Amino acid sequence: MIPVAKPYLNDDEVKAVSEVISSGWVTQGPKVAEFEEAFAAYTGSPHACAVANCTVALQLAMLVMDVRPGDVVITVSHSFIATANAVRMCSAEPVFVDIDPDTFNMSPAKLEHMLAEECEQRSGGLYYKNVFALSSPETPFNHIEQQLGRVGAILVVHQMGLPCDMSAILPLAQKYGLPVIEDAACAVGSEISLDGGKSFEPVGKPHGDIACFSFHPRKVMTTGEGGMITCRSADVDARLRRLRHQGMDVSDLQRHESKKVCFESYSTTAYNFRMTDMQAAMGVEQLKKLPRMVVRRREIVEEYRRRLADLEHITCAAEPVYARSNWQSFTIRVNESSPRSRDEIMQLLMDSDIATRRGIMNSHQEEPYRNEIWSLPASEAARDNCIILPLYYKLTDQGLDLIVERLKAAFDG
Ligand SMILES: *Cc1c(COP(=O)(O)O)cnc(C)c1O
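Following the numbering used here, the numbering of the sequence shown begins with 925 at its first residue and continues without gaps.
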């Protein structure tokens, strides 16, 4: 069976993790610090803070950007449900903007429409007008009495590794005085241009105010579970570090290394969202492999695109001028002209031992976020018409041959 994805792990990770175990220090400590430093250097960010996973990274990012209970956060439905769940974990409510069908990312034009037409300025900020229509059994708004619907942030997603159109989104955020949080869960190793493709920078520099990454095995590099938050502000970084560690003002490592008796204090109510040193040791090794992995992924996608170019019934994902994707996922869209349905094609590939996945899910089509006010036709079409094809570092040329051949046969048959 050819899987959709497969992490690239070998003895490097085994050795690094076993050294950590032998050292006796297994939770957040020297390896986490080393991984953070390497990650900051890779992305060009002044600060990087490791956490347990990207879902809690997003939650902390919203808290430090001052998203408050009763706020709404403008984001996309077309994402893994973690994006919307993280908003709810801040006792806020997601408000969904549709995507651009070509990039699967937030449409700047639709965002502009939302900010101008569906929100209004009041004392204290920008408010979402239709807030009482957001009723649902699980909204935290059922338990909040204060004024509801202030727009707390814009949460953009670099979906499947393809960067958003930040040069269109950032000026809108600035105009309305809103922070921008980047859900870069899939985008480690991707690059973005803010000058129309002349120069590129790694996603996570960051380009918004704060960016969050995932190291789940389905992403391009993995630590089993794990997340990272990058930001420019030393103050924001310090708050993140307190929030991930029960509000403690000294880390375990600082206390351990101190030559003087030292007592910690706790300055805020907080969480245990720490990463372990075993995960960080994997992360250090995976980060060394990342450039190679991205090069290979880009080669495979170029091959897919070249060899599928003459298939008239599909449209391959492509990069706009401002984006260089790590291709965390590569999708084809099954056109309306197709003699076979998307699901039939997926089944034919599965019958040939080739695993695929449907397009990215939409949160508003799942129970916790269903609401008749959402009209997101491009998001729904992307979920229902797309196929994610196998793509991983060790995918062989023979594997690729087979996938392309069976895909072509599926349309001919
Ligand atoms: C995977 C993913 C997440 C969640 O990451 P975890 O590390 O599993 O918590 C969030 N957002 C997007 C877009 C993702 O793809």
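Built from N, CA and C at the ideal position, the CB exists for glycine as well. These numbers come from a predicted model, not from an experiment.
How should residue i be labelled, buried or exposed, when 16 other C-beta atoms within 10 angstroms of its C-beta is the threshold for buried?
| i | result |
| --- | --- |
| Gln-952 | buried |
| Ser-1287 | buried |
| Arg-1074 | buried |
| His-1131 | buried |
| His-1180 | exposed |
| Val-1185 | exposed |
| Glu-1044 | exposed |
| Glu-960 | buried |
| Tyr-1228 | buried |
| Ile-945 | exposed |
| Glu-937 | buried |
| Asn-977 | buried |
| Asn-1066 | exposed |
| Thr-1147 | buried |
| Gln-1098 | exposed |
| Met-925 | exposed |
| Gly-1085 | buried |
| Arg-1294 | exposed |
Which one of the options has the shortest CA to CA distance from residue i?
| i | options | result |
| --- | --- | --- |
| Pro-1126 | Gln-1071, Asn-1054, Tyr-1293 and Pro-1215 | Pro-1215 |
| Ser-1261 | Asp-1336, Ser-1114 and Glu-1041 | Asp-1336 |
| Thr-967 | Met-1152, Arg-1264, Leu-1331 and Phe-1197 | Met-1152 |
| Leu-1039 | His-971, Ile-1093 and Glu-1296 | Ile-1093 |
| Asp-1159 | His-971, Lys-939, Val-941 and Ser-946 | His-971 |
| Gly-1207 | Met-1145, Arg-1165 and Arg-1230 | Met-1145 |
| Phe-1020 | Glu-1296, Leu-982, Asn-1309 and Tyr-1195 | Glu-1296 |
| Ile-1311 | Arg-1281, Leu-1300 and Gly-1132 | Arg-1281 |
| Leu-1102 | Glu-1036, Gly-1283, Lys-1332 and Asn-977 | Glu-1036 |
| Lys-907 | Gln-1071, Asp-1024, Ala-1204 and Lys-1332 | The first residue shown for the chain is 925 and the last is 1337, placing residue 907 beyond what the model contains. |
| Pro-1301 | Ile-1269, Met-1030 and Val-1112 | Met-1030 |
| Glu-943 | Asn-1196, Glu-1209, Ala-981 and Pro-1032 | Glu-1209 |
| Glu-1291 | Asp-1161, Ser-1001, Lys-1034 and Asp-1308 | Ser-1001 |
| Tyr-1316 | Val-996, Pro-1141 and Ala-1109 | Pro-1141 |
| Gln-1271 | Leu-1232, Arg-1221, Ser-1253 and Ala-1333 | Ala-1333 |
| Met-986 | Tyr-1246, Val-1174, Gly-1076 and His-1082 | Gly-1076 |
| Cys-1110 | Tyr-1100, Asn-934, Ala-1097 and His-1082 | His-1082 |
| Glu-1226 | Thr-1255, Arg-1198 and Glu-1236 | Thr-1255 |
| Tyr-1052 | Ala-964, Pro-1025 and Ile-998 | Ile-998 |
| Asn-1259 | Thr-1007, Asp-1026, Met-1285 and Val-1185 | Asp-1026 |
| Val-1328 | Gln-1289, Gly-1171 and Leu-1273 | Leu-1273 |
| Asp-990 | Val-941, Leu-1079 and Glu-937 | Leu-1079 |
| Val-1104 | Arg-1198, Cys-1155 and Tyr-1190 | Cys-1155 |
| Ile-1116 | Cys-1014, Asn-934 and Tyr-1246 | Tyr-1246 |
| Arg-1198 | Glu-958, Val-950, Val-975 and Gly-948 | Val-975 |
| Asn-1196 | Val-980, Ser-1299, Val-996 and Pro-1018 | Val-980 |
| Arg-1230 | Asp-1325, Phe-1124 and Val-950 | Asp-1325 |
Our contact map puts residue i next to residue j with C-beta atoms below 8 angstroms; I'd like the distance itself, whole angstroms only.
| i | j | result |
| --- | --- | --- |
| Val-988 | Arg-1163 | 5 angstroms |
| Pro-993 | Pro-1061 | 18 angstroms between Cβ atoms; not a contact. |
| Cys-1136 | Asp-1089 | Contact flag wrong, Cβ pair sits at about 19 angstroms. |
| Leu-982 | Ala-1016 | Not a contact, Cβ separation roughly 11 angstroms. |
| Asp-1173 | Glu-1188 | 6 angstroms |
| Pro-1314 | Pro-927 | 6 angstroms |
| Phe-1139 | Gly-1128 | Wrong, their Cβ atoms sit about 13 angstroms apart, outside the cutoff. |
| Leu-1232 | Ile-1238 | 6 angstroms |
| Leu-1177 | Pro-954 | 6 angstroms |
| Ile-1284 | Ser-969 | Ile-1284 to Ser-969, Cβ: 26 angstroms. No contact. |
| Ala-1241 | Ile-1023 | 13 angstroms between Cβ atoms; not a contact. |
| Ala-1166 | Ser-1182 | What sits at residue 1166 in the sequence shown is Arg, not Ala. 18 angstroms between Cβ atoms; not a contact. |
Using 8 angstroms as the limit for Cβ to Cβ distance, is residue i near chain D?
| i | result |
| --- | --- |
| Met-989 | Looking for chain D here will not work: only one protein chain is present. |
Any residue whose CB is nearer than 6 angstroms to a heavy atom belonging to ligand 1, listed in chain order: Asn-977, Cys-978, Thr-979, Ser-1003, Phe-1004, Ala-1006, Thr-1007, Val-1081, Asp-1107, Ala-1109, Cys-1110, Ser-1138, His-1140 and Gly-1151
Complete runs of the beta strand (DSSP E) confined to the segment 1073-1116 [at least 3 residues]: Complete beta strand (DSSP E) runs here, min 3: 1075-1081 and 1104-1107.
Unbroken stretches of the alpha helix (DSSP H), 4 residues or longer, contained in the segment 1159-1198: Here the runs fully enclosed are 1176-1181.
Complete runs of the beta strand (DSSP E) confined to the segment 1290-1336 [at least 3 residues]: List check, beta strand (DSSP E) in window: 1310-1313.
Inside the segment 993-1078 only - beta strand (DSSP E) runs reaching at least 3 residues: Every beta strand (DSSP E) stretch that sits fully inside the segment 993-1078 and reaches 3 residues is listed by chain position as 996-1000, 1017-1021, 1043-1046 and 1049-1052.
Segments assigned beta strand (DSSP E), at least 3 residues, entirely inside the segment 1236-1276: 1238-1240 and 1254-1258
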